[in-house]
Amino acid sequence: MKTGSTTAQVKEISDRLEEFGYVVNPIFGVEKTVIGAVGGAEHQKVDSIDQLRAYEGVEDVILITKPYKFVAKEYRGKKSVIDVGGVLIGGDKIVMMAGPCTVEDEGQLLYTAEKVAKAGARILRGGAYKPCTSPYSYQGMGVEGLELLQAAGKQFGLKVVTEVMHVRKVEEVAQYADILQIGTRNMQNYDLLREVGQSRTPVMLKRGMTAKFEEWLLAAEYIAAGGNEKIMLCERGIRTFEPYTRNTLDLSAVPALNSLTHLPVIVDPSQGTGRRELVGPMSKASVAVGADGLIIEVHPSPDHAIKDGAQSITIEGFEKLMPELEAIAAAVGRTFRQPVLS
Ligand code: PEP
Ligand code: MN
Numbered sequence: 001m002k003t004g005s006t007t008a009q010v011k012e013i014s015d016r017l018e019e020f021g022y023v024v025n026p027i028f029g030v031e032k033t034v035i036g037a038v039g040g041a042e043h044q045k046v047d048s049i050d051q052l053r054a055y056e057g058v059e060d061v062i063l064i065t066k067p068y069k070f071v072a073k074e075y076r077g078k079k080s081v082i083d084v085g086g087v088l089i090g091g092d093k094i095v096m097m098a099g100p101c102t103v104e105d106e107g108q109l110l111y112t113a114e115k116v117a118k119a120g121a122r123i124l125r126g127g128a129y130k131p132c133t134s135p136y137s138y139q140g141m142g143v144e145g146l147e148l149l150q151a152a153g154k155q156f157g158l159k160v161v162t163e164v165m166h167v168r169k170v171e172e173v174a175q176y177a178d179i180l181q182i183g184t185r186n187m188q189n190y191d192l193l194r195e196v197g198q199s200r201t202p203v204m205l206k207r208g209m210t211a212k213f214e215e216w217l218l219a220a221e222y223i224a225a226g227g228n229e230k231i232m233l234c235e236r237g238i239r240t241f242e243p244y245t246r247n248t249l250d251l252s253a254v255p256a257l258n259s260l261t262h263l264p265v266i267v268d269p270s271q272g273t274g275r276r277e278l279v280g281p282m283s284k285a286s287v288a289v290g291a292d293g294l295i296i297e298v299h300p301s302p303d304h305a306i307k308d309g310a311q312s313i314t315i316e317g318f319e320k321l322m323p324e325l326e327a328i329a330a331a332v333g334r335t336f337r338q339p340v341l342s
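Below, the structure written as C-alpha cells:
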C-alpha cells in the first residue's frame, strides 16, 4: 500500500482478497502496510489480482507465484526428456539438428542430409513453409518440400523438424514432421499455439525476437495447457541495437531457463548471429552453458543458398565443428550423439 494509505483502504483490499479465497496477512510497518495474500489456484485469478493495482491506496501488486504452471520447473522438478521417435531431447546427450534454412531441391536436401547424418546429427532441419519479412522473398516449396524432408529423413535415419505457420496446416505438417517448429514471428500467435497444443507431435517453440522469458514461457504454457507437453524452447537471438549481428544471441537464456522450466532448451546460432563465422564459437558456448541441443543451418554451397546463406555453414564446417562440440560436452559432463550412419 502507498505511504499514508488509510485503514479503510487496507480493509477494502483485504476484503477483496478474501473474496478471491486468499488468507490475508497484513504487515503494518512504520511507513507502509504490506498485505500478504496466501492461497492456491492463482493462475485463474491473475487478471482479477492485477486489477487491484487501480484501487485507491495501492502502490503495487507483486505476484510471487509464477504465472505459468505446467512449464514451471517445480511442476516436474527435473528436466523433461522428450522422445522424438527414439531420439531423446533433454537427457544427458546433446542433440544436433542440422540442414538448410530452406528445402531447395531433392539433390541439395539428400546430399546435406546424408552428410550431416554421417557427422552425427540426429535431426534434419529445413523449411518448407518460410516466414519471410518480405512478401517478395522465397516462401518455400510447401508440401513438396515436406515430402522431400520426410524422404531424406527416412533414408538417412534422421528425424525431421520443420516450421508450421498456420493453424490450418498443423495436421498436414505433422504428417511429415517429427517436430513442429513455431517460428519467432509466431511465438505469440495464440491460436497457432493452441492448435499445436492439440497435436501429439513434439513442438519446438522459438523465442519471439522481442519476447521476455516470462512471455516465452507463457506461450509454452498455451501449448502445455492444450495437452501437448512435448515442448522444447529454442533461443534464436533477440532484437537489440546492434546491427553487426542479425540478432543478439542471448545465451544467458539457457541457464536462466534451466532454472525456470523443466523444458529442454535448444540454441539456434544461425538465426542468432546471422554470420557464419560466428556459428561455431556460439555453438561451443551454447554447449558450455547447458543447451540440450543445437539447430544449425548447413548448406553444401552457402553462397548459392536461396535463403540465409550468410549464416549457413558448409558441410565441411559442420564436420569440423562436431568433434569440437563433443569435447566441450565432455567438459560439462554431457555426452554427444554418435552418428547413426557410418
Ligand atoms: C529458420 O529457422 O529458418 C527461421 C526462419 O527461424 P526464426 O523463426 O527463428 O527466424
Ligand atoms: Mn533461416
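At position 1 of the sequence shown (counting the first as 1) the number is 1 in my numbering, and the numbers step up by one without a gap.
Where is the CB? At the ideal position from N, CA and C, for every residue including glycine.
Owing to the predicted nature of the structure, the values given are computational and were not obtained by experimental measurement.
Does the ligand PEP have a heavy atom nearer than 7 Å to the CB of residue 345?
Because the chain is modelled from 1 through 342, residue 345 falls outside the range shown and cannot be assessed.
Using 8 Å as the Cβ pair cut-off and three pairs as the minimum, do the region 108 to 120 and the region 294 to 303 touch?
yes
Contact belief for residue 264 with residue 82 at Cβ below 8 Å, rounded distance in angstroms
6 Å
Range of the contiguous beta strand (DSSP E) that encloses residue 233
231 to 235
Taking residue 232 as the reference, which of 71, 11, 53 and 30 has the closest Cα?
71
Are there any heavy atoms of the ligand MN lying less than 7 Å away from the beta-carbon of residue 101, as far as the coordinates show?
Under cutoff, so the answer is yes.
Quick check on the DSSP output: the beta strand (DSSP E) that includes residue 277 runs from which residue to which?
No beta strand (DSSP E) contains residue 277, which is instead part of the alpha helix (DSSP H) from 276 to 288.
Reduced DSSP category for residue 33 - H, G, I as helix; E, B as strand; rest coil
strand
At a cut-off of 7 Å, is residue 303 close to the ligand MN when judged by its beta-carbon and the heavy atoms of the ligand?
no
Tell me, please, which residues DSSP counts as bridged to residue 99.
297
Is there at least one non-hydrogen atom of the ligand MN closer than 7 Å to the beta-carbon of residue 307?
yes
Using DSSP bridges, identify the partner residues of residue 205.
182 and 233
For the ligand PEP, is there a heavy atom less than 7 Å away from the beta-carbon of residue 183?
yes
Leaving out five residues on either side along the sequence, give the residues of the same chain with a beta carbon under 6 Å from the beta carbon of residue 203.
180, 196, 223 and 231
Please identify the residue among 56, 50 and 77 whose C-alpha is closest to the C-alpha of residue 67.
50
Consider the C-beta atom of residue 271 and the heavy atoms of the ligand PEP; say whether any pair is separated by less than 7 Å.
yes
Look at the alpha carbon of residue 102 and the alpha carbon of residue 313, and state the distance between them as a whole number of angstroms.
14 Å
Is the region 104 to 111 touching the region 56 to 67, taking contact as three or more C-beta pairs under 8 Å?
no
Residue 336: buried (16+ other C-beta within 10 angstroms of its C-beta) or exposed?
Residue 336 comes out buried.
Do the region 73 to 88 and the region 281 to 288 make contact, defined as three or more Cβ pairs closer than 8 Å?
no
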